Amino acid sequence: MITVLVVGAGPTGLTLACDLARRGLSVRIIDRAPRFPDSSRGKGLQPRSVEVFDDLGVAEQILQAGTQNVVFRHYERDRVLRDVALYGHLNPTPEVPYLSTLLIPQWAIERVLRARLAEFGVRVELGSELTEFSQSDSAVTATIVSDRGTERVEVDYLVGCDGGKSGIRKSLGVRFEGDTSSTQVMLCGDVEVDGLSTDAWHQWLGDGHIVLICPLPGTKAWQFQASPIDDSPPSLATFQRIVDERTGLPIRLSNPTWLSTYRINVRVADRLRVGRVFLAGDSAHVHPIAGGLGMNTGIQDAYNLGWKLASASDSLLETYQEERLPIAEWTLRTSSQSSAAVQASSRDRSAGVDAGMTDDVRQLGLHYRWSSLSRDVIDRGDRLQAGDRAPDAQLTTADGGRIRLFDVFRGPGFTLLGFGAGCAEALARLTDRIQTHLVTPEEDEDGHAFATYGIDADTLVLVRPDGHVAMTAAGEDSDAVLDYVKAIM
Ligand SMILES: Cc1cc2nc3c(=O)[nH]c(=O)nc-3n(C[C@H](O)[C@H](O)[C@H](O)COP(=O)(O)OP(=O)(O)OC[C@H]3O[C@@H](n4cnc5c(N)ncnc54)[C@H](O)[C@@H]3O)c2cc1C
1 MITVLVVGAG
11 PTGLTLACDL
21 ARRGLSVRII
31 DRAPRFPDSS
41 RGKGLQPRSV
51 EVFDDLGVAE
61 QILQAGTQNV
71 VFRHYERDRV
81 LRDVALYGHL
91 NPTPEVPYLS
101 TLLIPQWAIE
111 RVLRARLAEF
121 GVRVELGSEL
131 TEFSQSDSAV
141 TATIVSDRGT
151 ERVEVDYLVG
161 CDGGKSGIRK
171 SLGVRFEGDT
181 SSTQVMLCGD
191 VEVDGLSTDA
201 WHQWLGDGHI
211 VLICPLPGTK
221 AWQFQASPID
231 DSPPSLATFQ
241 RIVDERTGLP
251 IRLSNPTWLS
261 TYRINVRVAD
271 RLRVGRVFLA
281 GDSAHVHPIA
291 GGLGMNTGIQ
301 DAYNLGWKLA
311 SASDSLLETY
321 QEERLPIAEW
331 TLRTSSQSSA
341 AVQASSRDRS
351 AGVDAGMTDD
361 VRQLGLHYRW
371 SSLSRDVIDR
381 GDRLQAGDRA
391 PDAQLTTADG
401 GRIRLFDVFR
411 GPGFTLLGFG
421 AGCAEALARL
431 TDRIQTHLVT
441 PEEDEDGHAF
451 ATYGIDADTL
461 VLVRPDGHVA
471 MTAAGEDSDA
481 VLDYVKAIM
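The opening position of the sequence shown corresponds to residue 1 in UniProt numbering, with each subsequent residue numbered one higher.
Have a look at this one:
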């Protein structure tokens, strides 16, 4: 059985551990923290991450713990300038069931993922620190120190989900290229708030200052963020002084449970893999929080890596870096643009943090078209093609019930879709190797699936375990699919 040690139980490590555990791998996940974090940190969950959680079987719990109905309320001191309902004009479509950024504190996401992991019999080992490791061609040997003593373990793979200051990255000698701003510092924390309504994320941007006070669903806490007034360290008194000076409103802060600062870092690792050791999440990339991409990119790194680790194929594992490094670089560029847009709003009050919430940050358009894993045997022109996100669609079953393509994909393996009756024979030939599904015009009575996938003739569409299109081929071409599957697995 393949054994994996995941270091770090933030959203990246937990997503990876869930994905590995459901595949039946032997997984351990350790964290040096003595207890689970209760700070809100990443509170914007992007639609593509909700799709990942849908596949892992926790989308419902995640949606229930968050909200999509918070408006962005902009102020000039005590005067409301405008309310912006960022996603008010968007309705979920059959191909995009999760459309808008979900507001949910990071600890709540982590709690749902830990519960899912426990269902597979895996628990986070708290107070357990990776102190050193070495690797050979066939294994990684790791030293874990906890109050139970020092333990040496041998595993097939080690994954560093150990955050921006990653000791694993440093031990590997992986460079972390980029900048750390000496000037752009923000104060942040979780506090209780009296004097503001919970229907809005309250935002004061102007004259170069930023104050953001956001209610956190399902709790009495609010996330507070602000540009500092002076060098005062983060404290309730400092936060209150900022509120008093910059809003002029009778807002009272109390009961802080988290007081911190963050500095704007823009850095990416020059490699995501060294032999049997991988980097994912903040250990591989850090960038401005504007646009809400950090945690989300980590979750999606994990989702890209899980099925490749389960294959233990060296060439497939090599595509983790091939596919995710360009995405990390995209994330740095996109979040830096979002940050610049928010900074511009902080000068002229034209918007709030919504200035950084572009369509791109929903991450639904990210693709791997350039990847060596993407293969279009037929010319797809500008239609959906290999590497693209495989969209959802509503289907009607023979007995009149409704299912979604996401239901068909759910699970750890590939799915071969055959669009049109002419694919039936090819599916029958492959059904003992891959999960298959024939999409007929009768089943697709609303026409969404055929339209979204751009089908005008019988077509095979192979969908990867992480919900991207692996290949497209003519409806009868089972050989092409078989060759592909044999080559990568
Ligand atoms: C105020 C704020 C707002 C944010 N908003 C958003 C947002 O809206 N959307 C978004 O996507 N992101 C947001 N982020 C960023 C997000 O919080 C991070 O990107 C995210 O936490 C990264 O997750 P991770 O699992 O990669 O690493 P982390 O969450 O940093 O987890 C790393 C873990 O590794 C453990 N660890 C480290 N070294 C060791 C070791 N040697 N042995 C064992 N354990 C170890 C640590 O204890 C830690 O628990 C925000 C951040 C802040 C501060």
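Beta carbons: idealized from backbone N, C-alpha and C, even for Gly.
Please read these numbers as outputs of a predicted model, since none were measured by experiment.
- Residue ranges of uninterrupted beta strand (DSSP E) with 3 or more members, entirely inside the stretch 238-302 and ordered along the chain, are 252-269, 277-279.
- Within 10 angstroms of the beta-carbon of residue 250 lie fewer than 16 other beta-carbons, which makes it exposed.
- With a cutoff of 8 Å on beta-carbon distance, residue 336 and residue 391 are scored as not near each other.
- In the DSSP annotation of this structure, the continuous segment of the alpha helix (DSSP H) that includes residue 18 starts and ends at 11-22.
- Closest in alpha carbon position to residue 177, among 315, 184, 271, 117, is 271.
- Within the same chain, Cβ atoms closer than 8 Å to the Cβ of residue 415 are found at 408, 409, 434, 435, 436, 437, 462, 463, the five residues on either side in sequence being excluded.
- With 16 or more other Cβ atoms inside 10 Å of its own Cβ, residue 339 counts as buried.
- Looking at the DSSP output, residue 178 shares a beta bridge with 267.
- Taking a contact as a CB-CB distance under 8 Å, the pair residue 189 and residue 217 does not count as one, their CB atoms being some 18 Å apart.
- Bounds of the alpha helix (DSSP H) holding residue 452 are 448-452.
- Within the model, the alpha-carbon separation for residue 379 versus residue 385 is close to 9 Å.
- Residue 12 sits away from residue 454, with the two beta carbons spaced by 8 Å or more.
- Closest in C-alpha terms to residue 356, from the list 25, 65, 57, 86, comes 86.
- The beta carbons of residue 328 and residue 358 sit no closer together than 8 Å.
- Residue 300 places its beta carbon less than 8 Å from that of residue 52.
- With three or more CB-CB distances shorter than 8 Å, the stretch 183-201 counts as touching the stretch 212-231.
- In the DSSP assignment, residue 222 is bridged to 191, 215.
- For residue 206, the enclosing beta strand (DSSP E) stretches over residues 200-206.
- Residue state for residue 470 is assigned as strand, using DSSP reduced to three classes.
- Shortest Cα-Cα distance from residue 128 to any of 331, 443, 8, 478 involves 8.
- With a cut-off of 7 Å, the C-beta of residue 75 is classified as distant from ligand 1, since no heavy atom of the ligand falls inside that distance.
- Straight through space, the alpha carbons of residue 262 and residue 213 are spaced by roughly 16 Å.
- Excluding five sequence positions before and after residue 247, the CB atoms of its chain that fall closer than 8 Å to its own CB belong to 75, 77, 78, 204, 211, given in chain order.
- At least one heavy atom of ligand 1 is found less than 7 Å from the C-beta of residue 31.
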